[in-house]
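Undergrad:
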Ligand code: CA
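Numbering (this note's numbering), first residue to last: 73 to 300.
Following this line, the structure appears as structure tokens:
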């Protein structure tokens, strides 16, 4: 059974989550400090974290940034504010979803299930896929291009992985959001362009004259092996 780590300093909120998640058959651990959660995740990795943004020691955003240095575990943020900026900041830091307080614990449990389901096919993809000049190692979250390791953010990795998996397919921004595991209503579409831009800059450092990622004006992006 998947193990869910709840990081929340309000006991009443944590209790309702524990109850809802255990009702769905998940096992849970509840911690009220971010530092303790990071330690826990290093020792005994949970399958998903539910992370409150307003924690007493360090913020959930900061905790997620630190978490991403050693873990790709899915994260759902709990926040008291419904500002789009928070959503975008959260997704940029590497959260997988967002829930605004007050929330329905059953709704959170449903999202936990959805995220774990979404992650599952990735695990069954071949560990190392050979895409011509690219080599994708899904388990290590690494991509080599022309034998050189690319230093990618998590979002850049997922974007490139999605593009490489289907050469010549034109992906709309919404479809790339899906590849990132970002909900389409998060107001995040415009960020795709900046991720593609930084991805291209990294590819250009390896091969200045190649243009493996093609822009299709008004449509989206594709990977072109002929231009790699
Ligand atoms: Ca709090």
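Every residue, glycine too, gets a C-beta built ideally from N, C-alpha and C. On a predicted model such as this, the values are computed, not experimentally measured, just so you know.
Consider the C-beta atom of residue 82 and the heavy atoms of ligand 1; say whether any pair is separated by less than 7 Å.
TA: The residue you call residue 82 lines up with position 10 of the chain shown. Under cutoff, so the answer is yes.
Undergrad: Rounded to whole angstroms, what's the CA-CA distance from residue 139 to residue 79? Just pull it up for me.
TA: In the chain shown, the residue the question calls residue 139 occupies position 67. In the chain shown, the residue the question calls residue 79 occupies position 7. For residue 139 and residue 79, the distance between alpha carbons rounds to 13 Å.
Undergrad: For residue 292, which three-state DSSP category applies?
TA: Position 220 of the chain shown, counted from the first residue, corresponds to residue 292. In this structure, residue 292 counts as strand in the three-state DSSP scheme.
Undergrad: Check whether the Cβ of residue 124 lies closer than 7 Å to any heavy atom of ligand 1, and answer yes or no.
TA: Taking the chain shown and counting its residues from 1, one reaches residue 124 at position 52. Yes, Cβ of residue 124 sits closer than 7 Å to a heavy atom of ligand 1.
Undergrad: Are residue 122 and residue 76 closer than 8 Å when you measure CB to CB?
TA: The count along the chain shown starts at 1 and reaches residue 122 at position 50. The count along the chain shown starts at 1 and reaches residue 76 at position 4. Yes; because the gap between Cβ atoms is below 8 Å, this pair is in contact.
Undergrad: Would you call the CB atoms of residue 129 and residue 152 closer than 8 Å?
TA: Counted from its first residue, the chain shown places residue 129 at position 57. Counted from its first residue, the chain shown places residue 152 at position 80. Result no, Cβ atoms of residue 129 and residue 152 do not sit closer than 8 Å.
Undergrad: Helix, strand or coil for residue 195 per DSSP?
TA: On the chain shown, residue 195 is found 123 positions in, with the first residue counted as 1. Here residue 195 scores only 46 on pLDDT, less than 50, and its place in the model should not be relied on; the value that follows carries that caveat. The answer is helix: DSSP assigns residue 195 an H, G or I state.
Undergrad: Excluding the 5 residues flanking residue 87 on each side, which residues of the same chain have their C-beta closer than 6 Å to its C-beta?
TA: In the chain shown, the residue the question calls residue 87 occupies position 15. Around residue 87: no qualifying Cβ.
Undergrad: Is the region 239-248 close to the region 177-191, with three or more CB pairs under 8 Å?
TA: No: fewer than three Cβ pairs fall under 8 Å.
Undergrad: Below 8 Å on the Cβ atoms is my contact criterion, and I expect residue 190 with residue 253 to pass it. Report the Cβ-Cβ distance as a whole number of Å.
TA: Here residue 190 refers to the residue found at position 118 of the chain shown. Here residue 253 refers to the residue found at position 181 of the chain shown. Correct: roughly 6 Å between the Cβ atoms.
Undergrad: CB-CB under 7 Å to residue 221, same chain, minus the five flanking residues each way: which ones, in chain order?
TA: Here residue 221 is taken as the residue at index 149 of the chain shown, counted from 1. Cβ within range, chain order: 214.
Undergrad: Among 293, 289, 120 and 84, whose alpha-carbon lies nearest the alpha-carbon of residue 185?
TA: Position 113 of the chain shown, counted from the start, is the residue given in the question as residue 185. The shortest C-alpha separation from residue 185 is found at 120.
Undergrad: Is there at least one non-hydrogen atom of ligand 1 closer than 7 Å to the beta-carbon of residue 105?
TA: One-based indexing of the chain shown puts residue 105 at position 33. No.
Undergrad: Do residue 147 and residue 118 have their C-beta atoms within less than 8 Å of each other?
TA: As a position in the chain shown, residue 147 is number 75, starting the count at 1. As a position in the chain shown, residue 118 is number 46, starting the count at 1. No, the pair does not count as a contact, with Cβ atoms beyond the cut-off.
Undergrad: For ligand 1, I want to know if residue 127 counts as a neighbour, meaning its beta carbon is within less than 7 Å of at least one of the ligand's heavy atoms.
TA: The residue you call residue 127 lines up with position 55 of the chain shown. Yes; taking the cut-off as 7 Å, the Cβ of residue 127 has a heavy atom of ligand 1 nearer than that.
Undergrad: Three Cβ pairs or more, each shorter than 8 Å: is that satisfied between the region 165-176 and the region 261-280?
TA: Touching, no, given that fewer than three Cβ pairs across the two stretches are closer than 8 Å.
Undergrad: What is the DSSP secondary structure of residue 178, reduced to helix, strand or coil?
TA: Within the chain shown, the letter at position 106 stands for residue 178. Helix.
Undergrad: Report yes if the CB atom of residue 124 is closer than 8 Å to the CB atom of residue 150, and no otherwise.
TA: Position 52 of the chain shown holds residue 124. Position 78 of the chain shown holds residue 150. Yes, the Cβ-Cβ distance between residue 124 and residue 150 is below 8 Å.
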